Structures are given as C-alpha cells and as structure tokens.
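This note's numbering puts the sequence shown at residues 27 to 623. To start, the structure under review is shown below, and the notes come after it.
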Amino acid sequence: MLKPRSTPTRELVGLDGLWRFAVAGTVPDDPWEGRLDTPLEAAVPASYNDLFTDPAIRDHVGWVWYQRQARVPRGWAGERIFLRVDAATHEGRVYVDDVLVAEHIGGYTPFEADITGHVRAGEEFRLTIGVGNELTNTTIPPGTITVAQDGRRQQKYLHDFYNYAGLARSVWLYSAPQVHVTDVTITTGVDGPAGTVGYTVETSAPAPVRVRVLDAAGAEVASGEGASGTVRIEDVTLWRPGAAYLYGLVVEVLDGREVADSYTEPFGVRTVEVRGTRFLINGEPFYFTGFGKHEDTPVRGKGHDDAYLVHDFQLMEWTGANSFRTSHYPYAEEVMEFADRHGIVVIDETAAVGLNLAVQGGLAGRAHDPTWSPETFGAATREAHARHLRELVARDKNHPSVVMWCLANEPSSSEEGAREYFEPLVALARELDPTRPLSYTAVMFASSRNDLIADLFDVVCLNRYYGWYVATGDLAAAETYLETDLRAWAERFGKPIIMGEYGADTQPGLHSVWDVPWTEEYQQAYLEMHHRVFDRVEAFVGEHVWNFADFATSNGIHRVDGNKKGVFTRDRRPKSAAHALRRRWKELGGRKPSSVG
Ligand code: BDP
C-alpha cells in the first residue's frame with residue numbers, strides 16, 4: 027500500500043490535531059449521525075488512554091469516537107479523493123457524514139477509503155472515526171474479555187505492554203487523478219558495479235506506464251517503459267548499514283503525451299542473504315547490535331511523535347546500535363522511512379505477540395489450555411494472522427532498512443499444533459516476499475530439542491532471560507545455562523543465531539557491589555556475561571537487548587510502574603548499562619569479534 031505523498035499530480039492534507047472525543051455509551055448509539063455531543067477533545071496522533079484523568083476512559087473496553095470537520099480543497103474537483111488512516115488500534119470504522127466508508131481490523135497497519143462519491147470539492151464534511159480496542163482469540167494480538175463481579179468488562183491479554191488504543195498515527199485526506207498508480211513493488215540486486223532494479227506497477231485502470239530512477243541529487247540514472255521490468259543503475263551506490271543511500275523511482279502513468287499521475291517511491295539498492303551461519307547484507311557478514319523497542323512514551327502512549335523519533339535514533343547511534351526489531355507490532359511508517367534514510371537495519375515484526383498459553387502456566391509448569399486448538403488459537407486466528415502479514419508486507423516491502431520479517435513473538439513453538447499453524451504462514455510470507463529471510467523469536471520454554479518450527483525459518487532468534495527469570499542473581503549459573511542452550515541450537519539447526527531479547531529490570535539509582543537484581547551494576551554485569559558467551563559461539567550474528575527504554579505495561583506485581591528493562595528510562599536517560607553497551611558496540615562496528623571468525 028502506497029504512502030500518501032504530495033506529488034506533481036497529487037495533493038495531501040493532514041488531519042492531525044484536536045478531535046472531539048467520546049467513549050461509547052456516553053453518547054447516542056449512532057454518534058456519527060450528528061455532531062458528537064462531548065466536552066472532551068483528544069489529540070491525534072496519540073493513544074487516548076493516558077490523555078485523561080478518568081480511569082473509566084483509560085480502562086475502557088469497547089468503542090470510542092473521534093470526530094472533526096474537514097474541508098476538501100476546492101481545487102480537487104474531478105479528482106479521486108481518499109481518506110487514509112495510518113492506524114486505528116485495534117479496529118476502525120470511518121464515517122463521512124452519515125455514511126460508513128471503511129472498516130478495518132488490525133491496529134498497526136493503514137487502511138483507506140475512496141470517498142469521492144461522498145464529498146464535494148470546496149465543501150466541509152463531518153468525519154467520524156470509531157475505534158475499538160477489544161482483543162479476542164481471533165485478533166492479532168489476541169486477548170480475552172472478562173466481566174468483573176460489578177459488571178465491568180476487562181481486557182486480559184498475554185503481552186507485556188499496555189494495551190494502548192486510539193488513533194496513534196496520522197489521518198490524511200489526499201487526491202489522486204482518476205487513473206493513478208495504486209501500488210509499486212521494487213526489488214534490487216547487484217551485478218558487478220551496477221545495481222538492478224526490478225519493478226512492478228499497478229494502476230487503477232489499464233494505462234501506459236514509464237519509470238525513471240533519480241539519484242540522491244535528482245539526476246536521472248536509469249529509465250524504463252511498461253508496468254513491470256528491470257532497469258540497471260551503472261556505478262550504483264549501495265544502501266549500506268550506517269551509510270544509507272536512497273534513489274527515487276518516479277512512476278508515471280501516461281494519458282497520451284500527458285503525465286496523468288506521478289508518484290515517487292524511495293528505495294535503496296542492497297541485497298540480503300542467509301548463507302550457512304552468516305547473515306549477509308550486500309554479500310558482507312552483518313552483526314546486529316541494538317534493541318527490541320516499543321512505541322511508548324509518556325502521555326502519548328503509542329502515539330507517533332517526530333521528536334521522540336529523532337531522539338531515539340540519536341540515542342541508538344550514541345550506543346553504537348546498528349539495528350532494532352519492531353517488537354511487537356509494525357511501527358509508524360515515519361519510523362521505517364527514517365531508518366531507510368539513516369542506514370539503520372530493521373527486523374520487521376508482525377503484531378502476533380501472545381500466541382502462547384503455556385506462558386500462563388509459567389515456569390511452575392501449571393496446567394494450561396492447549397495453545398493451538400479450534401477453541402483457542404485455530405484456523406480463524408491463523409486467517410487473521412495471514413491477513414495481518416499481507417498488510418505488513420504490502421506496507422513495508424520497499425524499505426531497504428527491512429532485512430527480515432519476524433512472523434511472531436514467542437509463540438508456543440514447542441506445543442503440538444505449532445507446525446500446522448506456522449507452515450502455511452511461512453509459505454505465505456515466502457510467496458509475498460521471496461527476497462527477505464524469515465524468523466520468529468523463540469520463548470525460553472522452546473528449547474533446541476522440543477521446538478517444532480525453527481527449521482521452517484532462516485534465522486534462529488532466541489529470547490532468553492538466564493540470570494533474570496531463571497538463575498535470578500546467579501550470573502555464574504546463568505552463563506553456563508546460556509552457553510549450553512546456544513550451542514545446542516547452533517548444533518541442531520546450523521543457522522545464524524540472533525539473541526532477540528535479553529535483559530534485566532533495573533531501577534535507576536539503585537546500586538550494589540554484589541550481584542543484586544534491579545541495581546544498575548547488575549544490569550551491566552548481566553549484559554556483559556551474555557556478551558562473553560555470544561563471542562564464544564560461532565553461529566552467533568546479533569544481539570538485541572531488551573529493551574531500548576522502560577515502557578508501560580498492565581498492572582502486575584512483577585511490574586513496578588511498567589517494565590524497567592530499558593537501557594534508557596522512559597524519559598530517555600541512560601542507565602549505567604547504556605555506557606557499557608556504547609563501549610562494546612562502537613568497538614564492534616557491526617562486525618563479530620575477529621576471534622570467532
Ligand atoms: C519476553 C517478551 C517481552 C517482555 C519480556 C519481559 O517477549 O515482550 O516484555 O519478556 O518479561 O518474554 O521483560
């Protein structure tokens with residue numbers, strides 16, 4: 027799905043700002059049929075939960091309503107007019123005046139509606155967006171709704187971050203010509219000093235298409251005719267980690283000699299390949315250093331914010347991070363484009379987090395419902411997962427920063443039924459994008475012996491907490507467990523291994539000379555222990571610390587005002603471990619220590 031852009035043939039109007047806001051039940055049942063009668067206003071983009079002081083809003087389970095007036099620019103007569111919602115978490119319904127124009131399930135991927143027939147150039151219309159936050163067995167991510175004794179509905183979920191909801195990303199109105207580009211797919215290769223650029227263009231109706239490649243200075247370096255083909259860029263400048271270089275593919279739809287539509291898609295020329303136990307970018311071994319992140323900031327919740335975007339990337343660069351994983355859902359498109367422009371490598375994850383009922387049983391091994399069954403996560407869940415995967419690949423396929431898809435976080439991969447659930451999804455991912463490797467992150471309980479799906483994927487990503495949830499405070503025991511575990515995975519699968527998560531909750535300002543969990547020294551010692559082990563394992567190709575920054579979670583006695591495994595606090599101040607990481611990662615510079623080849 028194309029990102030809306032202003033081009034010579036398209037115009038774009040942002041609808042961010044303050045919208046009228048109400049919780050369902052406090053306004054009439056059909057609130058889109060008139061002006062929303064409410065004293066509340068909500069900021070867009072932002073999750074609504076932390077904006078207000080009323081706990082009934084923060085903990086609301088169900089629908090909320092956003093509404094504003096919008097005006098169609100008067101010059102748009104004769105154009106097609108679209109309304110684009112970058113994200114409605116987790117479900118959206120869009121009304122133009124009294125008419126429902128779009129419905130979408132899935133909180134982290136965009137959707138749009140052609141509203142040409144419902145609005146008029148120069149005139150205002152009433153735009154209402156309903157947003158539902160309910161999670162069930164057939165949503166991605168999943169959840170369960172319970173009813174408390176006093177009748178309150180409560181949302182339970184299996185993921186360790188707060189279930190923020192609302193319009194957390196931008197809303198746009200844009201115009202496009204009657205015959206226009208609807209999709210562009212770009213794949214790149216390297217042929218000696220030249221780059222090859224395969225492209226496929228889809229249009230709203232059959233029409234001649236031509237393409238031009240512009241370099242970063244705007245000079246034309248290649249061109250082609252037709253809706254699909256391959257063009258060559260002689261003396262190509264590659265997109266490299268830490269040294270981004272972007273070209274633009276100018277796609278033009280022709281109407282006789284006139285250009286009917288023009289759309290430019292940025293792209294980088296680079297290759298990605300898994301060979302043996304190496305992860306290669308442009309044919310060179312790449313070693314991932316960085317973090318699992320979250321879209322999470324005070325007040326905004328998951329609301330996208332350009333200031334935090336810039337600052338987070340600055341802090342990543344400061345620590346020597348060359349990459350991150352979009353744990354545990356697709357991030358705002360602005361984040362992906364920023365990574366493209368700044369040469370940061372991304373592992374792009376779906377929102378499939380919490381497909382694991384074994385975690386409820388916990389380490390104590392209590393009985394739990396089977397994860398993979400028609401009553402729990404079955405065919406309908408997998409269908410939702412597949413739809414979500416399609417939307418993610420459609421949105422992010424042209425980003426050079428994205429080097430791998432992560433299909434799920436910590437699914438119950440050692441439980442009967444896991445293979446049947448994942449095999450079709452892996453096949454679908456390979457069909458949607460034959461160019462990028464695939465992974466999932468394996469939970470602690472999934473060992474190299476009992477995991478049922480790792481052979482389907484290209485890279486082994488492990489989430490491990492030795493020294494935290496297991497062998498708490500005993501780093502010597504943890505070191506042995508970790509090394510044994512990693513070596514066993516390396517031996518059984520012969521694939522590259524990335525540590526997708528390792529981390530320790532840390533309260534800034536807490537200190538000790540001993541190995542005391544929660545202290546700053548312990549977080550640092552815990553990470554250093556891991557690094558010693560990583561450097562001894564040949565198949566190891568990357569380390570993503572959990573987490574970049576502290577983040578909000580639901581209430582729980584094991585969470586103190588959220589998850590504190592951040593290397594930075596929630597307001598982005600470094601804990602001691604940040605300095606230690608910086609020393610190691612700056613020295614590594616994206617390469618494995620030479621001692622292990
Ligand atoms: C892992 C999850 C992550 C949690 C982390 C933790 O993937 O979302 O936040 O554990 O417990 O299992 O901190």
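Even for Gly, the Cβ is constructed at its ideal location relative to N, Cα and C. Please read all numbers here as calculations on a predicted model, not as lab measurements.
query	result
Any idea if residue 44 is buried or exposed, counting beta-carbon neighbours within 10 angstroms, 16 or more meaning buried?	exposed
Return yes when the Cβ of residue 38 is within less than 8 Å of the Cβ of residue 265, no when it is not.	no
Would you grab the beta carbon distance between residue 179 and residue 87 for me? Rounded to a whole angstrom, and I think it's under 8 Å.	4 Å
Apart from the five residues on each side of it in sequence, which residues of its chain come closer than 8 Å, Cβ to Cβ, to residue 317?	342, 347, 350, 351, 570, 571, 572, 573, 574, 593
Is residue 572 a contact residue of the ligand BDP, with contact defined as CB to any heavy atom under 7 Å?	yes
Could you give the first and the last residue of the continuous alpha helix (DSSP H) run that contains residue 560?	546 to 560
Excluding the 5 residues preceding and the 5 following residue 493 in the sequence, name in chain order all residues of the same chain whose CB lies nearer than 6 Å to its CB.	501, 504, 552
How is the beta strand (DSSP E) around residue 567 delimited, first residue to last?	566 to 572
Tell me whether the beta-carbon of residue 141 lies closer than 8 Å to the beta-carbon of residue 127.	yes
Check for me: the beta strand (DSSP E) holding residue 213 runs from which residue to which?	207 to 217
Per DSSP, what are the beta-bridge partners of residue 121 in this structure?	126, 154
Return the CA-CA distance between residue 623 and residue 269, expressed in angstroms with no decimal places.	Its pLDDT being 46, under 50, residue 623 is placed unreliably in this model, and the coordinates cannot settle the point.
Is it the case that the CB of residue 529 approaches a heavy atom of the ligand BDP more closely than 7 Å?	yes
According to DSSP, which residues form a beta bridge with residue 37?	DSSP lists no partner for residue 37.
Mind listing, in chain order, the continuous beta strand (DSSP E) runs of no fewer than 3 residues lying wholly within the stretch 55 to 90?	67 to 70
Below 7 Å, is the gap between the Cβ of residue 436 and the nearest heavy atom of the ligand BDP?	yes
Relative to the ligand BDP, is the shortest distance from any of its heavy atoms to the C-beta of residue 589 smaller than 7 Å?	yes
Roughly how many angstroms lie between the CA atoms of residue 547 and residue 64, to the nearest whole one?	50 Å
Buried or exposed for residue 310, going by 16 or more other Cβ atoms inside 10 Å?	exposed
Given that a residue counts as buried once 16 or more other Cβ atoms are within 10 Å of its Cβ, and exposed if not, what is residue 476?	exposed
Where are the alpha helix (DSSP H) runs, 4 residues long or more, that stay fully inside the stretch 133 to 207, in chain order?	none
DSSP state of residue 450, grouped into three classes?	helix
Cβ-heavy atom distance between residue 189 and the ligand BDP below 7 Å?	no
Would you mind stating whether residue 567 and residue 512 have Cβ atoms separated by less than 8 Å?	no
So the beta strand (DSSP E) residue 285 belongs to, where does it begin and stop?	284 to 293
Quick check on the DSSP output: the beta strand (DSSP E) that includes residue 265 runs from which residue to which?	Here residue 265 belongs to no beta strand (DSSP E), and DSSP marks it neither H nor E.
Given this structure, state the Cα-to-Cα distance separating residue 206 from residue 578, to the nearest angstrom.	42 Å
Count the other C-beta atoms from every protein chain shown that fall within 10 angstroms of the C-beta of residue 181, then say buried if there are 16 or more, exposed otherwise.	buried
Quick check: the Cα distance between residue 274 and residue 257, rounded to an integer number of angstroms?	13 Å
State yes or no: is the C-beta of residue 469 nearer than 7 Å to some heavy atom of the ligand BDP?	yes
Regarding residue 185 and the ligand BDP, is the C-beta to nearest heavy atom distance less than 7 Å?	yes
Could you pull the start and end residues of the alpha helix (DSSP H) that residue 42 belongs to?	Per DSSP, residue 42 belongs to no alpha helix (DSSP H) and is neither H nor E.
In three-state terms, what does DSSP make of residue 342?	helix
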